[in-house]
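Colleague: Residue numbers (our numbering): 7 to 133.
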């Protein structure tokens, strides 16, 4: 399999969690805002929309390879912050695993930001 195909598959795999999560938040924005409010996040409805759109649009940008470095850096930062906010409970093994999952996603996204989206991408087609 070519390097270009592997990078495309990697982009799809790394983005799917953001696309599915963002879509889920948008289709239940009231529930998302309620959950965010229960966590003490400020302006829960606005925060819910910002997070949902970041996940959905950022994930789609990663898949397409459009503005990949920007999308990857934003999603990497989001992954770290959301891990700290929502999963920073090392007494709970599941939360610890979720925190490490977020760090792993951030690591993959930073590699993508550093090396780019590969040849099969909108970014490369523009060059």
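Don't be surprised by glycine CBs; every beta carbon is placed ideally from N, CA and C.
Using the C-alpha atoms, what's the distance from residue 57 back to residue 66?
Modeller: When rounded, the distance between both Cα atoms is 14 Å.
Colleague: Given residue 10, which residues of its chain have a CB within under 8 Å of its CB, disregarding the five upstream and five downstream residues?
Modeller: Excluding positions up to five away in sequence, the list reads 124, 125, 126.
Colleague: Apart from the five residues just before and just after residue 78, which ones in its own chain have a Cβ nearer than 6 Å to its Cβ?
Modeller: Taken in chain order, the residues that qualify are 115, 118, 119.
Colleague: Roughly how many angstroms lie between the CA atoms of residue 92 and residue 106, to the nearest whole one?
Modeller: Each residue's alpha carbon lies about 12 Å from the other.
Colleague: Under 8 Å by Cβ, that's how I've got residue 61 and residue 87 pegged, so tell me the actual separation to the nearest angstrom.
Modeller: Their Cβ separation, rounded to whole angstroms, is 13 Å, which puts residue 61 and residue 87 out of contact at 8 Å.
Colleague: Relative to the alpha-carbon of residue 51, which residue among 45, 40, 59 has its alpha-carbon at the smallest distance?
Modeller: Nearest C-alpha to residue 51: 40.
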